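S.K.: Take this structure first; my questions come after.
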Amino acid sequence: MLIKSSKQSDLKEHQVTDESVYLQRRELIKKMGFVGAGALLTSAIPSVANAKGIDFFSSKPEKTFQSHALNFTADSSKNSEILTPEAKVTSHNNFYEFGTSKSDPVKNSQGFNVKPWQLKISGECDNPYTLDLDDLTKSFALEERIYRLRCVEAWSMVIPWVGFELAKLLQKAQPNSRAKYVAFETLHDPEQMPGQASRRIGGGIDYPYVEGLRIDEAMNPLALMSVGLYGKTLPAQNGAPIRLVVPWKYGFKSIKSIVAIKFTQRRPTSTWNVLAPSEYGFYANVNPEVDHPRWSQASERRITSGGLFARNRIDTLPFNGYGEEVADMYSNLDLRKNF
Amino acid sequence: MKYKVIFFKLFIHIAALLPLVNAYYLALTDQLGADPVESIIHFTGIGAFNLLLLGLAITPVSKHFKLSMLLKVRRLVGLYSFTYALCHLLNFLVFEIQFDWSLFLNEIIDRPYITVGMVGLLILLALAITSIPSLKKRMGKNWQKLHNWVYFAVLLAGIHFYWSVKSEIIEPGIYLFITFMLLALRFKKFKKKIKKD
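Residue numbers (my numbering), protein chains in the order written: chain V, 1 to 339; chain R, 340 to 536.
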């Protein structure tokens, strides 16, 4: 038994400044500094960056989201594909919480504050638990996984993620026999995510963004919880501090900035499926045979480097080339109906 | 007056060409966003639409403010709209699907938003060709009849844009609204036409 003797001078629990308030104070000071420095910079140096041609398209953000190096074991698979350059991986993002244009997230997310962060694992399990920001990178051994990412818009990238298997995170919670699906939810914070505050910026989708997997899909060793890319913690625009990566499915399944993971008995909703059920299915497995109403899925453009004349159109593979690892899970399923 | 028109035309040439050349330079050298192909397609598409709306605004504005000089540059604005639209299509063919002709034909047939855009572009092509003065003279009254199709083309452009987006319908919505406003200004003309027919 713990016997606590309190002294007169001890702070009572209610007198302690709440961590979130304390962090806000630091944020306020930071902001004041940025506004001051930012004002100086913008007025004194009229677009030095635009020496080559007139660049109507990019504006350099004044603040930068902080990433730091991670310890991990390198990817040992013999993937010989050319990686998409880091600068492109971090500036070409579909993350409508920060704007609908591909270049919006990097511009609008640099002030994103991930402290404090909590990822709650709950639902149909015996050991629900919560991970704080530090736990995300320390609870499980980190490894690098070089995966192809295939967007439903028919472009693709090759990205060296850092993270751990989703299965490890799920098993720790000890799911019970009623756990048939896993539901994921992105942070809902309109103050930090302008797309959630304005339907114009957020593309008219309902937030928070939600996604889901069947439990066997979630337990597949390929399903990764990513906390970093290119050896460093995730940039805000890529889904800091933790996101899902499901490489055999279209990119929209790989939900970003996750705050909740829940084991469920029924199939959970997923954002794009609710918005346009005829266009985006629950499974969303990469499938060259089944076209999206707006894009042929038979081929894709691989984004690496090179300008307009980069000959980068390649055939799309079933399950994005991961059929050997995942096709078994769908042997009883008509993938044309269950797209 | 004459010099004014020449300077005005020169200004339009620069205002239309400079951004286009600049965008292609950046895209060719991989400086136009992470995916220069997507960027250049969007840039030329929106540019074509902007110029088309601008061209359609010229007649009502020049009438209202009695600026007959504006009418002298209407053809030029229209031709630049066509130029941008043609670049838009070529970008799709050359850089997006990279001369996969069967895919090109399939996409035009299978994707309603591309079908609609293609029809709009063909109308603009017909208008561009018949903008040659000698042809215009030879066509007589039929010229105006043909060029009234621009109203249909701008509507198709609006639908093409609206249909092409995933969920962010506000911007194409604004474009459609402006399109309807410009068409509404021709309400009397349309009414007359319908009565005549």
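Each residue gets a CB set at the ideal place from its N, CA and C atoms; glycine is no exception.
As the structure is a prediction and not an experimental result, all values here were calculated from the model.
Work out the CA separation of R:Leu-442 and R:Ala-424 for me, nearest whole Å.
M.R.: About 20 Å.
S.K.: Between R:Cys-426, R:Leu-495, R:Ser-473 and R:Gly-459, which has its C-alpha nearest R:Ile-379's C-alpha?
M.R.: Answer by Cα proximity: R:Cys-426.
S.K.: Does the contact criterion of 3 or more C-beta pairs under 8 Å hold for the stretch 304 to 313 of chain V versus the stretch 362 to 371 of chain R?
M.R.: Judged by Cβ distances under 8 Å, the stretch 304 to 313 of chain V makes contact with the stretch 362 to 371 of chain R, as three or more pairs qualify.
S.K.: Assess, as a yes-or-no matter, whether the stretch 268 to 284 of chain V is touched by the stretch 204 to 223 of chain V under the definition of 3 or more beta carbon pairs within less than 8 Å.
M.R.: Verdict: yes, contact present.
S.K.: Apart from the five residues on each side of it in sequence, which residues of its chain come closer than 8 Å, Cβ to Cβ, to V:Gln-196?
M.R.: Hits under 8 Å: Glu-97, His-188, Asp-189, Pro-190, Gly-202, Tyr-207 and Pro-208.
S.K.: Exposed or buried, which one is V:Thr-130 when buried takes at least 16 other CB atoms within 10 Å?
M.R.: Label assigned to V:Thr-130: exposed.
S.K.: Using 9 Å as the limit for Cβ to Cβ distance, is R:Ile-385 near chain V?
M.R.: So, not an interface residue.
S.K.: Under three-state DSSP, which class holds V:Trp-155?
M.R.: Here V:Trp-155 sits in strand by DSSP.
S.K.: Assuming V:Thr-316 and V:Ser-299 are in contact, meaning their beta carbons sit under 8 Å apart, how far apart are those beta carbons, in whole angstroms?
M.R.: Going by Cβ atoms, the distance from V:Thr-316 to V:Ser-299 rounds to 6 Å, so yes, they are a contact pair.
S.K.: Got a sec: is the Cβ-Cβ distance from V:Leu-275 to anything in chain R below 9 Å?
M.R.: Chain R, which has a Cβ nearer than 9 Å to the Cβ of V:Leu-275, makes this yes.
S.K.: Looking at the structure shown, is V:Glu-300 part of a helix, part of a strand, or coil, going by DSSP?
M.R.: Looking at V:Glu-300 - three-state DSSP - the assignment turns out to be strand.
S.K.: Specify the secondary structure class of V:Thr-269 as computed by DSSP and reduced to three states.
M.R.: Residue state, collapsed to three classes: coil.
S.K.: In whole angstroms, what separates the C-alpha of R:Ile-345 from that of R:Arg-477?
M.R.: Rounded to whole angstroms, R:Ile-345 to R:Arg-477 spans 26 Å at the Cα level.
S.K.: Smallest Cα separation from R:Tyr-419: which of R:Leu-460, R:Trp-440 and R:Met-408?
M.R.: When each option's Cα is compared against that of R:Tyr-419, the closest is R:Leu-460.
S.K.: With a threshold of 9 Å between beta carbons, is V:Val-48 in contact with chain R?
M.R.: Any reading at V:Val-48 needs caution, since the residue's pLDDT is 36, under 50, leaving its predicted position unreliable; the model's value is listed next. For V:Val-48, the answer is no, since every Cβ of chain R falls outside 9 Å of its Cβ.
S.K.: Say whether chain R places a C-beta atom closer than 9 Å to the C-beta of V:Leu-308.
M.R.: Yes, because at least one Cβ of chain R sits closer than 9 Å to the Cβ of V:Leu-308.
S.K.: Using a Cβ-Cβ cut-off of 9 Å, state whether V:Gly-204 counts as contacting chain R.
M.R.: Answer yes: the Cβ-Cβ gap between V:Gly-204 and chain R drops below 9 Å somewhere.
S.K.: Counting along the chain, where does the beta strand (DSSP E) carrying V:Ser-122 start and finish?
M.R.: Note, V:Ser-122: beta strand (DSSP E), 118 to 123.
S.K.: Are the C-beta atoms of V:Asn-312 and some chain C residue less than 9 Å apart?
M.R.: Included in the structure are the protein chains V and R, with no chain C among them.
S.K.: Tell me the DSSP secondary structure of V:Arg-243 in three-state form.
M.R.: If DSSP states are grouped into helix, strand and coil, V:Arg-243 belongs with the strands.
S.K.: Do V:Cys-368 and V:Asn-79 have their C-beta atoms within less than 9 Å of each other?
M.R.: Because chain V is modelled from 1 through 339, residue 368 of chain V falls outside the range shown and cannot be assessed.
S.K.: So, at 6 Å on beta carbons, what are the nonlocal neighbours of R:Asp-421 in its own chain, with the 5 sequence-adjacent residues on each side left out?
M.R.: Inspection of the sequence shows that residue 421 of chain R is occupied by Phe rather than by Asp. These residues qualify, in order along the chain: Leu-463 and Ala-467.
S.K.: Using a Cβ-Cβ distance under 9 Å, would V:Gly-53 count as near chain R?
M.R.: Unreliable positioning characterises V:Gly-53 in this predicted model, as indicated by a pLDDT of 48, which lies under 50. The coordinate reading is nonetheless provided below. Output row for V:Gly-53: interface = yes.
S.K.: Taking beta-carbon pairs under 8 Å, can you tell me which members of the stretch 364 to 396 of chain R lie near chain V?
M.R.: Listed in sequence order: Tyr-364, Leu-365, Ala-366, Leu-367, Thr-368, Asp-369, Gln-370, Leu-371, Gly-372, Ala-373, Asp-374, Pro-375, Val-376, Glu-377, Ser-378 and Ile-379.
S.K.: Name, please, each residue of chain R whose Cβ falls closer than 9 Å to the Cβ of V:Ser-91.
M.R.: Under the 9 Å cutoff, chain R gives Gly-372 and Ala-373.
S.K.: Which of helix, strand or coil does DSSP assign to V:Val-210?
M.R.: Correct three-state label for V:Val-210: strand.
S.K.: Where does R:Ala-354 land, buried or exposed, given buried means 16+ other C-beta within 10 angstroms?
M.R.: Label assigned to R:Ala-354: exposed.
S.K.: Buried or exposed for R:Phe-350, going by 16 or more other Cβ atoms inside 10 Å?
M.R.: Classification for R:Phe-350: exposed.
S.K.: Going by beta carbon distance, what residues of the same chain come within less than 6 Å of R:Ser-503, once the five residues before and after it are set aside?
M.R.: Same-chain partners within the cutoff: Tyr-452.
S.K.: Take R:Tyr-501 as the anchor and find which of R:Ile-385, R:Lys-531, R:Lys-530 and R:Val-412 has the nearest alpha-carbon.
M.R.: Nearest option by C-alpha distance: R:Ile-385.
S.K.: Along the alpha helix (DSSP H) that carries R:Ile-462, what are the first and last residues, could you check?
M.R.: First-last of the alpha helix (DSSP H) with R:Ile-462: 451 to 468.
S.K.: I'd like to confirm the pairing. Which residues does DSSP put opposite V:Trp-161 in its beta bridges?
M.R.: Answer by DSSP bridge pairing, in chain order: V:Arg-145 and V:Leu-229.
S.K.: Which whole-angstrom value is the C-beta distance of V:Arg-313 and V:Arg-294, which I expect to be below 8 Å?
M.R.: Actually they do not touch by this definition, with Cβ atoms about 17 Å apart.
S.K.: Within 10 angstroms of its Cβ, does R:Gly-497 collect 16 or more other Cβ (buried), or is it exposed?
M.R.: Buried.
S.K.: Whole angstroms are fine: how far does the CA of V:Lys-63 sit from the CA of V:Gly-38?
M.R.: Residue confidence for V:Gly-38 is low, a pLDDT of 41 falling below 50, so the modelled location carries little weight; the figure read from the coordinates is stated next. Approximately 9 Å between the Cα atoms of the pair.
S.K.: Would you check if the stretch 105 to 112 of chain V and the stretch 322 to 338 of chain V touch, i.e. whether three or more CB-CB distances between them fall below 8 Å?
M.R.: Result no; under three Cβ-Cβ pairs closer than 8 Å.
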